[in-house]
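Residue numbers for the sequence shown follow the working numbering, so the first one is 394 and each next one is one higher.
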Amino acid sequence: MLRIYGKVVECGAELAQALGAYADAGRPFDGRRVYGNYGVDVVMRSEFGLESGEQLRPLPDDTFRRMAQDNVRPKAARLLAILLLPKWLRRALGVAHPTRDTTIDFFFRMIRRAIRDVDGGSRDDYIVALVTANRSPIDTSPDTRRGDDSEQSPKTRDLYLTDDELMSNAYVFLSGAYDTTGTPLSYATYELALNPDIQQRLYDEVMGAPVGDDGHTIPYDTLMEMPFLEAVVSETFRRHGFNYRIDRRADRDYTLGDTGITVKKGQRVQVPIHAMHHMAEYYKDPYVFDPDRFMPDQRHLLQRNAYMPFGAGPRVCIAYRFVIMVIKVALTMVIRQYKFVRSPDTDVPLRIVSNPVLYLADRVVVGVERR
Ligand code: HEM
């Protein structure tokens, strides 16, 4: 995380600059779009060591953004075909995945190029980390060895990624990171605009934090330990977490505590995350944005497992710490310079679009003023 922190901060500085154009023009901005560009920039820099330029100037060719959008919002017709048509017909029609083949090819070409350019380059990014980790000898010291005592057991050799696995890892990171940071950031600034007292508390905490010589970089460890910032981000994910539910299939019969309910092997169980986050049983006034629930003096009142925006257990989101870091960097960098306000175009409540999987607003418009 520390390895890419500096790059994320660079993106945050450009985000703050990009918001200046809206503030100076007295125009509100749509967070989904502006923070979406920040998300693109973060991925391009931290994964591929490339500067997208996406935030500060409209690219003549915004293929990356279009492809990334296609990736996270596949067409309904493709989804339906996958659900309804037999495999042989889907193959014949070239509908193997929800995402179009041209989109997948675009990303795979990009990843292949980035992997090829690792040698001899001076980049320091996620692809470089993946490739070099893959080439490094595996640490077989006793405390890291799994299971047997031989110097190089088949198990330890298996820890190397194949080329396909390496490509897939890079693809998951790339495709998963597009909308995922921009959307919660939009919700966070939306809530700050509607709750000026909360915004002021966050501003005070940010301004009280130590910064580096450049006057704006809060050291990584400090950033991750700022209690009110943590509380605002956590409450944003509670109130506006965007996975409605996760599911699991039972691999054996399992009785749930003393409820008398047995989940049979093979049955699917849905965990309604979004609904749980809004149950009065777990959260007082659940529709109120109240970061104090997550402050250290109140945290003990929270119910374990009634909060799971990133899932829970062994299949918890792999990018959890990355996402939180990227959001915290952006929030601290923009709030230092700007105040977010409710504008006539701000939707209260948000207009949530119909989507079976994700909680998404069609726009998150907020006004912005220089401090
Ligand atoms: C706001 C951002 C994000 C949220 C709210 C989120 C949420 C989730 C949730 C709820 C799960 C399911 C966990 C479960 O079934 O228990 C998950 C899994 C996963 N997420 Fe994320 N995610 C986010 C960002 C990302 C990003 C940026 C990446 C890309 C690197 C990513 C990659 C994954 C992967 C690979 C899994 C599957 C993990 C596994 O099955 O072992 N996520 N995420």
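In this text, a Cβ means the ideal position worked out from N, Cα and C, and glycines have one as well.
Neighbourhood of residue i by C-beta distance below 8 Å, restricted to the same chain and skipping five residues each side
i	result
P749	Y637
M688	P620, F621 and A624
L486	A474 and L478
T615	A602 and P603
Coil, strand or helix - residue i by DSSP
i	result
A712	coil
L751	strand
L695	coil
T456	helix
D518	coil
G413	helix
F682	coil
D644	coil
R763	strand
K732	strand
V746	strand
T655	strand
V599	helix
V757	coil
Nearest-angstrom Cα separation, counted from residue j out to residue i
i	j	result
V761	P479	51 Å
L743	V401	28 Å
A754	I745	4 Å
R509	D651	56 Å
I720	D685	19 Å
D463	H667	25 Å
E598	H671	28 Å
A526	L559	11 Å
G605	G399	12 Å
I711	G704	10 Å
A409	G653	55 Å
Unbroken beta strand (DSSP E) run spanning residue i, endpoints
i	result
Q663	R661 to V664
T801	Look at the range of the chain in this structure, 394 to 764, and you will see that residue 801 is not part of it.
V436	Where V436 is concerned, there is no enclosing beta strand (DSSP E), although the alpha helix (DSSP H) it sits in stretches over G424 to F441.
Close beta carbons around residue i, own chain, < 6 Å, minus the five adjacent residues each side
i	result
D640	R661 and Q663
I397	S439
Element boundaries [alpha helix (DSSP H), containing residue i]
i	result
D614	Y613 to M617
K480	K480 to L486
V626	P620 to H633
M503	D494 to R509
A469	A469 to L477
Same chain, Cβ closer than 7 Å to residue i, five either side skipped, listed in chain order
i	result
G659	R642 and A643
Any non-hydrogen atom of the ligand SAH within 6 Å of residue i CB
i	result
T496	Annotation note on the ligand SAH: not contained in the displayed structure, which lists the ligand HEM as its ligands.
**OP:** Assess, as a yes-or-no matter, whether the segment 572-582 is touched by the segment 722-742 under the definition of 3 or more beta carbon pairs within less than 8 Å.
**Re:** Under the three-pair Cβ rule at 8 Å, the segment 722-742 counts as touching the segment 572-582.
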